[in-house]
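Encoded as structure tokens, the structure appears first; notes follow it.
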């Protein structure tokens with residue numbers, strides 16, 4: 105199913121953005137492109153390329169800044185020199201959490217600096233720290249809202265976590281797969297693409313309230329509709345009212 109969904113998405117994006125006609129089809133399959141750096145298409149970009157308003161020089165970089173005929177220019181790696189009054193540089197960014205101490209960050213990550221978070225939310229041995237929406241997903245707003253429900257249930261003692269070594273083994277297996285698929289570009293273990301929908305389903309299974317199986321199937325194969333999850337919050341609150349006054353377990357680290 106996963107391969108079919110990715111192939112369908114790749115064909116859809118290629119057709120909608122007219123990438124083949126514009127000579128802009130990326131090299132390689134979508135699964136090697138949909139990394140943590142994947143982003144939405146800029147509105148009007150392909151249309152302006154087609155109109156000639158934007159000139160694309162694909163697979164090339166600026167080698168150096170120079171002057172030609174008294175005008176500021178750039179020399180491209182393909183050898184061409186272009187006039188350039190303005191150059192906007194993409195200088196990347198660093199994924200850091202400087203508000204955590206070094207000791208705490210070591211407890212949150214593995215020896216390579218990858219975050220080890222159950223469901224992309226809960227550290228293995230730091231029970232009173234949870235991450236909400238700290239992942240790269242195709243459905244980030246929906247994923248963050250479901251994560252907030254998950255955290256609320258966890259803090260109320262309604263989620264029992266599996267043994268930490270079991271979780272660590274699963275996380276490391278996924279990280280090894282992500283390392284190979286993304287060539288190391290997986291946002292320190294926080295990228296959930298192409299498992300965005302699967303991650304949401306896992307969180308909802310943990311809180312023991314989910315949409316019906318037919319609805320889940322539709323969410324997987326057709327454009328996702330966040331509105332189908334609108335009733336879940338009310339269901340969680342209603343369940344909490346029924347459980348009010350009952351003893352609850354304190355949130356703890358994952359079981360040993």
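Numbering (the working numbering), first residue to last: 105 to 360.
Glycine included, C-beta positions come from ideal geometry on N, C-alpha and C.
(message) For residue 167, report the span of its beta strand (DSSP E) as first-last.
(response) 166-172
(message) Please identify the residue among 278, 271, 246 whose C-alpha is closest to the C-alpha of residue 329.
(response) 246
(request) Give the secondary structure of residue 205 by DSSP, where H, G and I count as helix, E and B as strand, and everything else as coil. (result) coil
(message) In the DSSP assignment, the alpha helix (DSSP H) including residue 278 goes from what residue to what residue?
(response) 268-286
(request) Under 8 angstroms Cβ to Cβ from residue 185, same chain only, skipping five residues before and after it: list those, please. (result) The beta carbon of residue 185 sits closer than 8 angstroms to the beta carbons of 170, 172, 177, 178, 179 from its chain, once the five residues preceding and following it are set aside; these are given in chain order.
(message) Is the beta carbon of residue 240 closer than 9 angstroms to that of residue 291?
(response) yes
(message) If I measure Cβ to Cβ from residue 339 and keep anything under 8 angstroms in the same chain, skipping five residues before and after, which residues do I get?
(response) 313
(message) So, for residue 168: in the same chain, excluding its five sequence neighbours on each side, which residues have a beta-carbon less than 8 angstroms away from its beta-carbon?
(response) 178, 179
(message) Which residue wins for smallest C-alpha separation from residue 337, given the options 211, 319, 201, 256?
(response) 256
(request) Quick one: grab the DSSP three-state call for residue 360. (result) With a pLDDT of 48 at residue 360, under the threshold of 50, the modelled position of this residue cannot be trusted; read the value that follows with caution. The answer is coil: DSSP assigns residue 360 none of H, G, I, E or B.
(message) So, does the segment 263-280 touch the segment 219-231, judging by three or more C-beta pairs under 8 angstroms?
(response) yes
(request) Return helix, strand or coil for residue 238, following the three-state DSSP convention. (result) coil
(request) Could you spell out where the beta strand (DSSP E) holding residue 179 opens and where it closes? (result) 175-180
(request) Measure the alpha-carbon distance for residue 403 versus residue 154 and round it to whole angstroms. (result) Only positions 105 to 360 of the chain appear in this structure, which leaves residue 403 out of reach.
(request) Take the Cβ of residue 202 as the centre, count every other Cβ of all protein chains shown within 10 Å, and call the residue buried at 16 or more, exposed below. (result) A residue is called buried once 16 or more other Cβ atoms fall within 10 Å of its Cβ, and residue 202, having fewer, is exposed.
(message) Based on DSSP bridge pairs, tell me the residues matched to residue 226.
(response) 222
(message) Helix, strand or coil for residue 316? Go by DSSP, reduced to three states.
(response) coil
(request) Grab me the residues of residue 360's own chain with a C-beta within less than 8 angstroms of its C-beta, minus the 5 sequence neighbours each way, in chain order. (result) With a pLDDT of only 48 at residue 360, under 50, the local geometry of the prediction cannot be trusted, and the value read off the model is given with reservation. Contacts found: 267, 268, 269.
(request) Closer than 8 angstroms by C-beta to residue 282: which residues in its own chain qualify, once you throw out the five before and the five after it? Chain order, please. (result) When the five nearest sequence neighbours on each side are left out, the beta carbons in the same chain lying within less than 8 angstroms of the beta carbon of residue 282 are those of 290, 293, 295, in order along the chain.
(message) Is the beta carbon of residue 166 closer than 9 angstroms to that of residue 181?
(response) yes
(message) Looking at the secondary structure, which residues open and close the beta strand (DSSP E) in which residue 192 lies?
(response) Careful: residue 192 lies outside any beta strand (DSSP E) and carries neither H nor E.
(request) Could you tell me how far apart the beta carbons of residue 160 and residue 128 are, in whole angstroms, since I believe they sit closer than 8 angstroms? (result) Rounded, the Cβ-Cβ distance is 7 angstroms, consistent with contact.
(request) Return yes when the Cβ of residue 110 is within less than 9 angstroms of the Cβ of residue 298, no when it is not. (result) A contact, by the Cβ cut-off of 9 angstroms.
(request) Name the one or two DSSP bridge partners that residue 303 has. (result) As DSSP reads the structure, residue 303 sits in no beta bridge.
(request) Would you kindly work out how many angstroms separate the C-alpha atoms of residue 348 and residue 307, rounded to a whole number? (result) 23 angstroms
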